[in-house]
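What follows is a set of notes on a single structure, which appears directly below.
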Amino acid sequence: MIFCQTFDRKEIHGIVQVDSTAVEGVNIVNKTSQKTTSTDKNGNFTLFLKEGDLVVFSAVNLVTLQKAIVQSDLKKAILVVQLQTESIPLKEVVIKEESKITAESLGIIPSGQKKYTVAERRLYTARSGLLDRPLNWMSGRTAQLKKELAVSEKEQLMAKLEYLFEENFYIETLKIKKDYIRDFQLYCIGNYDFASSLKSRNKTLSKFYILTLAQNYNKIIVYEN
Numbered sequence: 001m002i003f004c005q006t007f008d009r010k011e012i013h014g015i016v017q018v019d020s021t022a023v024e025g026v027n028i029v030n031k032t033s034q035k036t037t038s039t040d041k042n043g044n045f046t047l048f049l050k051e052g053d054l055v056v057f058s059a060v061n062l063v064t065l066q067k068a069i070v071q072s073d074l075k076k077a078i079l080v081v082q083l084q085t086e087s088i089p090l091k092e093v094v095i096k097e098e099s100k101i102t103a104e105s106l107g108i109i110p111s112g113q114k115k116y117t118v119a120e121r122r123l124y125t126a127r128s129g130l131l132d133r134p135l136n137w138m139s140g141r142t143a144q145l146k147k148e149l150a151v152s153e154k155e156q157l158m159a160k161l162e163y164l165f166e167e168n169f170y171i172e173t174l175k176i177k178k179d180y181i182r183d184f185q186l187y188c189i190g191n192y193d194f195a196s197s198l199k200s201r202n203k204t205l206s207k208f209y210i211l212t213l214a215q216n217y218n219k220i221i222v223y224e225n
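Number 225 marks the last residue of the sequence shown (my numbering); no jumps.
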């Protein structure tokens with residue numbers, strides 16, 4: 001009976017692919033004849049088949065395919081079998097709105113460590129290199145970086161000031177003309193006490209200082225004009 005089953009079938013050459021790419025190591029089982037094989041490194045396989053045989057193709061991370069052999073399969077020079085990758089469900093990750101991914105939360109830097117601006121980091125690099133330091137001082141690089149740091153700090157203060165008070169406050173309360181608001185803001189951040197109040201985010205103190213600064217500024221404008 002076994003002899004008849006073998007010669008009752010036709011030797012079929014096939015190839016297993018996933019998205020047109022040959023797959024090695026796919027397990028192939030003829031459930032009808034209980035014969036097994038697997039694909040080689042080029043995805044090729046050979047198996048004795050006949051019409052009506054049920055063949056199972058399986059592999060890790062691939063969707064198992066059960067294929068019933070039909071007459072047309074036996075007439076093909078190469079039986080091409082297409083498999084699909086198995087999607088792996090991922091656990092849902094909920095990111096809360098208030099959650100913040102930072103270098104501290106990821107453990108990259110210690111919690112509470114002072115954060116430096118780009119200009120501050122550049123200045124630190126220029127000063128910390130023992131070999132480069134004499135050259136930096138001679139070339140004026142450190143001096144230039146100090147200027148960059150000062151500019152960076154002023155930009156940050158200006159951004160805070162622009163957010164702190166609305167345009168009407170300058171015009172109606174401080175009596176600053178609209179065309180002079182930007183110049184007045186630069187005048188304010190140049191004041192040490194006012195700049196300190198901005199850095200500490202003390203709006204009450206900032207408002208106290210800016211009232212005095214506005215009076216002085218308006219006197220300067222009147223004198224210059």
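Glycine included, every Cβ here is placed at the ideal spot set by N, Cα and C.
- For Phe208 and Lys199, the rounded distance between their alpha carbons: What you label residue 199 is simply residue 199 of the sequence shown in a count that begins at 1. What you label residue 208 is simply residue 208 of the sequence shown in a count that begins at 1. Those two C-alpha atoms are separated by around 15 Å.
- Taking buried to mean at least 16 other C-beta atoms within 10 Å of its own C-beta, is Thr39 buried or exposed? Here residue 39 is taken as the residue at index 39 of the sequence shown, counted from 1. Under this definition Thr39 is a buried residue.
- Query: Mapping DSSP to helix, strand and coil, what is Gln215?
  - Reply: Indexing the sequence shown from 1 puts residue 215 at position 215. If DSSP states are grouped into helix, strand and coil, Gln215 belongs with the helices.
- Message: Taking the alpha helix (DSSP H) that Ser38 belongs to, which residues open and close that run?
- Response: If you number the sequence shown from 1, residue 38 lands on position 38. Here Ser38 belongs to no alpha helix (DSSP H); instead the beta strand (DSSP E) covers Lys35 to Ser38.
- Beta-carbon spacing of Val80, Gln17 below 8 Å: In the sequence shown, the residue the question calls residue 80 occupies position 80. In the sequence shown, the residue the question calls residue 17 occupies position 17. Result yes, Cβ atoms of Val80 and Gln17 sit closer than 8 Å.
- Measure the CB-CB distance between Val55 and Gln84 and report whether it falls below 8 Å. Numbered from its first residue, the sequence shown carries residue 55 at position 55. Numbered from its first residue, the sequence shown carries residue 84 at position 84. Their beta carbons are not under 8 Å apart, which means Val55 does not touch Gln84 by this criterion.
- Message: Residues in the same chain with beta-carbon distance under 7 Å from Gln66, minus the five sequence neighbours each way, listed in chain order, please.
- Response: Counting from one through the sequence shown, the residue named residue 66 turns up at place 66. So the list reads Leu54 and Val56, once near-sequence residues are dropped.
- Leaving aside the five residues before and after Thr32 along the sequence, list all residues of the same chain whose C-beta is less than 6 Å from its C-beta, in chain order. Residue 32 sits at position 32 when you count from the first residue of the sequence shown. Correct list, in chain order: Asp53 and Leu54.
- Message: Please identify the residue among Leu157, Glu155, Tyr180 and Gln156 whose C-alpha is closest to the C-alpha of Glu167.
- Response: Position 167 of the sequence shown, counting from 1, holds the residue named residue 167. Measuring from the Cα of Glu167, the nearest candidate turns out to be Tyr180.
- Should Ile78 and Gly14 be called a contact, given that it needs their Cβ atoms to be closer than 8 Å? For the purposes of this step, residue 78 is identified with residue 78 of the sequence shown, where counting begins at 1. For the purposes of this step, residue 14 is identified with residue 14 of the sequence shown, where counting begins at 1. In contact: Ile78 and Gly14 (Cβ atoms closer than 8 Å).
- Query: Around the Cβ of Asn216, are there at least 16 other Cβ atoms within 10 angstroms (buried) or fewer (exposed)?
  - Reply: Taking the sequence shown and counting its residues from 1, one reaches residue 216 at position 216. Exposed.
- Item | For Val29: DSSP bridge partner residues | Along the sequence shown, read from residue 1 onward, the residue named residue 29 stands at position 29. According to DSSP, Val29 bridges with Thr36 and Val56.
- Item | Of the residues Gln185, Glu172, Lys178 and Thr173, the one placed nearest Glu155, counting alpha carbons only | The residue labelled residue 155 in the question sits at position 155 within the sequence shown. Selected option, being the one with the closest Cα: Gln185.
- Message: Out of Gln34, Glu51 and Val23, which one is the CA nearest neighbour of Phe45?
- Response: Against the sequence shown, residue 45 aligns to sequence position 45. When each option's Cα is compared against that of Phe45, the closest is Val23.
- Task: For Leu47, count neighbouring Cβ atoms within 10 angstroms of its own Cβ and tell me buried if that reaches 16, exposed if not.
- Result: Looking up residue 47 in the sequence shown gives position 47. Buried is the call here.
- Message: On the DSSP letters alone, give me the boundaries of the beta strand (DSSP E) that Phe45 sits inside.
- Response: The residue given as residue 45 occupies position 45 in the sequence shown. That run of the beta strand (DSSP E) goes Asn44 to Leu49.
- Query: Who are the Cβ neighbours of Lys203 in its own chain at under 7 Å, not counting the five residues just before and after it?
  - Reply: Numbered from its first residue, the sequence shown carries residue 203 at position 203. So the qualifying residues of the chain are Leu164.
- Skipping 5 residues on each side, what residues in its chain have a beta carbon closer than 7 Å to that of Glu153? Walking along the sequence shown from the start, residue 153 turns up at place 153. Closer than 7 Å at the Cβ level, and outside the excluded window around Glu153, lies no residue.
- Task: Compare the Cα-Cα distances from Asp183 to each of Ile221, Thr212, Tyr192 and Glu172 and report the closest residue.
- Result: Counting from one through the sequence shown, the residue named residue 183 turns up at place 183. If we check each option's Cα against that of Asp183, Ile221 comes out closest.
- Which first and last residues belong to the alpha helix (DSSP H) in which Leu74 is found? Within the sequence shown, numbered from 1, the residue matching residue 74 stands at position 74. Looking at the DSSP string, the run of the alpha helix (DSSP H) that includes Leu74 is Gln71 to Lys75.
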